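Residue numbers (our numbering), protein chains in the order written: chain A, 1 to 275; chain B, 1 to 244.
For each residue, glycine too, the CB sits at the ideal point set by N, CA and C.
These numbers come from a predicted model, not from an experiment.
Everything on this sheet refers to the single structure shown next.
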Amino acid sequence: MPDLLGNANSEGLRNKAAGHHIYAGRGDKTAMSIISMQNVSKFFGDFQALKDVSLNVAQGERVVVCGPSGSGKSTLIRCINRLEVHDAGEIIVDGTVLTDKPEDLEKIRGTVGMVFQQFNLFPHLKVIDNLCLGPRRVLGLSEEDARARAMTYLERVQIPDQADKFPRQLSGGQQQRVAIARSLCMEPRILLFDEPTSALDPEMIAEVLEVMTELASSGITMIVVTHEMGFARRVADRMVFMDRGEIVEVGAPEDVFTAPKSKRFGAFIKQILNH
Amino acid sequence: MKRIYAIAALLVLSGCSGNWGWYVVDPTTTGGMNNLKFLASGAYYTILLSVTAILISIVVGLLVALPGLSEKRGWRIFNRTYVELVRAVPILVLILWVYYGLPALSGITLNVFWAGVLALALSDSAFQAEIFRAGIQSIARGQYEAAQSISLNYRDTMRYVILPQAIRRILPALGNQLVYMLKMSSLVSVIGMQELTRKANELVVSEYRPLEIYTILVLEYLVIILVVSAGVRWLERRMKASDT
Ligand SMILES: Nc1ncnc2c1ncn2[C@@H]1O[C@H](COP(=O)(O)OP(=O)(O)OP(=O)(O)O)[C@@H](O)[C@H]1O
Ligand SMILES: [Mg+2]
């Protein structure tokens, strides 16, 4: 398994040699990795949700994770910002080994932002206050600076006019864009997305994907769990396919879409595309 | 409301028949007016006692509820033990114990007011703890995760994300507790607190008119509690309006 991953990984890098990424062409992938997961396992009781999973993600890389329901996609990315605590293996994020030490945890959470399927906005706070909370309390920005920053990111997600509304007054697509802006306000180096468009009505999916595509071009490291294959094709440097708690296949989108190496991935892609 | 007027009217009318002695609280006479004032003057302590006690019990209740939500078993055991023990003691017994027993145990002598506040607050805190625990538990896990994902620490997560939402949800229950507290404060009369019930008891002793005087006492509690209930409902509506 590690062999396959190693190969797939360097292959992914080579495929990205197109070149605007600093890591392209470098040989030592571990040193350049902003996220390094080595032989990570996670159990829920007796059930093993992650089985000895290894994955390295380079600075600025855009990784799309897909796979059937229950395959461990959410668990994988939730381990990266320690919403789930892994039981075995090692995870290093931006040079920090994930442990229970509070100062490490704070550092990780400051580096890694997350966007959830259900948005998880704070319903009792206005949009602007949703955005300002982290910068004010965690980063210690002044009220004025926090608001200025919040407005910058609301403009980035194209809804500056909604600043004084409460989340429930917005459409799903708008709420998800607020959630993205809330993450961006912490100026993370890594953004995790857990099925960000799955809870949206079809007509709102495009506006969220558009924001994500724009973000992808900004050089931020992104790991996106999604079944939006069009988005994956356009944006992903690498595709990761998971099944039953394992990473089954890793490769550049152009390769895996045309010639998936594993049967399971092939069947999965066919099913998604025909859907 | 209409029914209350009807009952009041009935009582006043039947008073005219001679079996009743409404003169003791007849506001048109000096004596009656003085008696009424004497009875009403207890409201000050009834309200002060209840409000002080409920504020303390809310704080203590919250402090007891939080360990009940901990992942560590030791903390949860502390929470359960506190709640079960305190809930098991009758309020009257707690009042007597705090006023007469505590000084002997600790050497601290509390005056009647603070003994009453302490006993009521202690007793109510167990219920408040349960209310807070249920309220906080009703907040979706996604809210904690969102707070964690922007690196908020435990204190800020509680203060800015979880508690504001939980308190909105438990407001009706908190209102109930205040009503309950106002009623239970009458028990503090046994140690001599000059609140509504005590005043009524004293007047009954001097005037020998229990029916009329206790009827006024009932009406006094009724008025206070109806006002409080209306206030709580108003607050609920306002909070609901502010986030839709
Ligand atoms: N907190 C939990 N307790 C118990 N089991 C869990 C928990 N979280 C996840 N699991 C189990 O772990 C497995 C992987 O879950 P995970 O949420 O990572 O899957 P997923 O690939 O994200 O699926 P989906 O596409 O449905 O979101 C599932 O079988 C799930 O039931
Ligand atoms: Mg999932």
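Is there at least one non-hydrogen atom of ligand 1 closer than 7 Å to the beta-carbon of S106/B?
Outside the cutoff, so no.
For the alpha helix (DSSP H) containing G61/B, list its first residue and its last residue.
Segment 43–68, the alpha helix (DSSP H) holding G61/B.
Apart from the five residues just before and just after L171/B, which ones in its own chain have a Cβ nearer than 6 Å to its Cβ?
For L171/B, where only same-chain residues beyond five positions count, the Cβ hits under 6 Å are E236.
Can you give me the Cβ contacts of P67/B inside the same chain, cut-off strictly under 6 Å, excluding the 5 residues immediately before and after it?
Excluding residues within five positions, the ones whose Cβ falls inside 6 Å are W75, F78, N79.
Under 8 Å, with one C-beta from each stretch per pair, do the stretch 185–202 of chain B and the stretch 131–145 of chain B reach the 3-pair mark?
Contact fails: fewer than three Cβ-Cβ distances are below 8 Å.
Bridge partners for I190/A per DSSP, in chain order?
Looking at the DSSP assignment, I190/A forms a beta bridge with V112/A, T221/A.
Out of P167/A, A267/A, D129/A, which one is the CA nearest neighbour of R149/A?
It is D129/A whose Cα lies nearest to the Cα of R149/A.
State the start and end residues of the unbroken alpha helix (DSSP H) segment that holds F119/A.
Unbroken run through F119/A: none, as it is neither H nor E.
So M222/A contacts chain D; which residues on that side make the cut at Cβ distance below 9 Å?
Looking for chain D here will not work: the only protein chains present are A and B.
Use the C-beta contact count for V235/A: other C-beta atoms within 10 angstroms, 16 or more gives buried, fewer gives exposed.
It is buried - the Cβ of V235/A has at least 16 other Cβ atoms within 10 Å.
With 7 Å as the C-beta to C-beta threshold (strictly closer), list the residues of the stretch 138–151 of chain B near chain A in chain order.
Going along the stretch 138–151 of chain B in chain order, one finds G142, Q143, E145, A146, Q148, S149, I150, S151 with a Cβ nearer than 7 Å to chain A.
Just the C-alpha distance for M37/A and L105/A, rounded to the nearest angstrom, thanks.
Each residue's Cα considered, the two are about 16 Å apart.
Identify the contact partners of M114/A in chain B, using a Cβ-Cβ distance below 7 Å as the criterion.
Neighbours of M114/A on chain B, chain order: S149.
Given this structure, state the Cα-to-Cα distance separating V64/B from A166/B, to the nearest angstrom.
Between V64/B and A166/B, the C-alpha separation is close to 15 Å.
Consult DSSP for L50/A and reduce its assignment to one of helix, strand or coil.
It is a strand residue.
In chain order, what residues of the same chain lie with their CB nearer than 7 Å to the CB of L187/B, ignoring the 5 residues before and after it?
I91, L92, I95.
Is S74/A near ligand 4 - that is, is its Cβ less than 7 Å away from at least one heavy atom of it?
This structure simply doesn't include ligand 4; it includes ligand 1 and ligand 2 instead.
Under 9 Å between beta-carbons, which chain B residues line up against F122/A? List them in chain order, please.
The contacting residues are Q143, A146, A147, Y160, V161, P164, Q165.
What does R168/B reach in chain A if we use C-beta pairs closer than 8 Å?
What R168/B touches in chain A: H124.
Should V97/A go down as buried or exposed, given a rule of 16 or more other Cβ atoms within 10 Å for buried?
Exposed, by the Cβ-count rule.
Any residues in the stretch 113–132 of chain B with a beta carbon nearer than 8 Å to a beta carbon of chain A? Which ones, in chain order?
Going along the stretch 113–132 of chain B in chain order, one finds no residue with a Cβ nearer than 8 Å to chain A.
Quick one: list the residues of chain A neighbouring D26/B, beta-carbon separation under 8 Å, in chain order.
Here the premise fails: no neighbours, minimum Cβ distance about 52 Å.
Could you compute how far the alpha carbon of K51/A sits from the alpha carbon of D237/A?
Their Cα atoms are separated by approximately 24 Å.
Here's the rule I'm using: 16 or more other beta-carbon atoms within 10 Å means buried, otherwise exposed. How should V248/A be labelled?
Burial call: buried.
For G70/A, verify whether its CB is less than 7 Å away from any heavy atom of ligand 1.
G70/A Cβ: within cutoff of ligand 1.
Kindly indicate if chain B contains any beta-carbon less than 8 Å away from that of M212/A.
Cβ-Cβ to chain B under 8 Å: no for M212/A.
Along the stretch 130–142 of chain A, where does the CB come closer than 7 Å to a CB of chain B? Name the residues.
Against chain B - using a Cβ distance shorter than 7 Å - the residues of the stretch 130–142 of chain A are L133, G134, R137, V138.
Once the 5 residues before and after G67/A are set aside, which same chain residues still bring their CB inside 6 Å of it?
Answer for G67/A: K73, F241, M242, D243, listed in chain order.
Just how far apart, CA to CA, sit V112/B and S57/B?
Roughly 18 Å between the two C-alpha positions.
Establish whether the CB of E187/A and some CB of chain B are separated by less than 8 Å.
No, its Cβ sits nowhere closer than 8 Å to a Cβ of chain B.
If you count every other CB in all the chains shown that lies within 10 Å of the CB of Y100/B, and 16 or more means buried, which is it?
Flag for Y100/B reads exposed.
Taking the beta carbon of E71/B as the centre, do at least 16 other beta carbons fall within 10 Å, making it buried, or is it exposed?
Per the 10 Å Cβ criterion, exposed.
Considering only residues of the same chain and omitting the five flanking positions on each side of F193/A, which have a CB-CB separation below 6 Å?
Result list for F193/A: V115, V224, in chain order.
Answer yes or no: does any C-beta atom of chain B fall closer than 8 Å to that of L200/A?
No, its Cβ sits nowhere closer than 8 Å to a Cβ of chain B.
N81/A CB to nearest chain B CB: under 8 Å?
Closer than 8 Å: yes.
Among the residues of its own chain, which have a CB less than 8 Å from the CB of F44/A, if the five just before and after it don't count?
Hits under 8 Å: none found.
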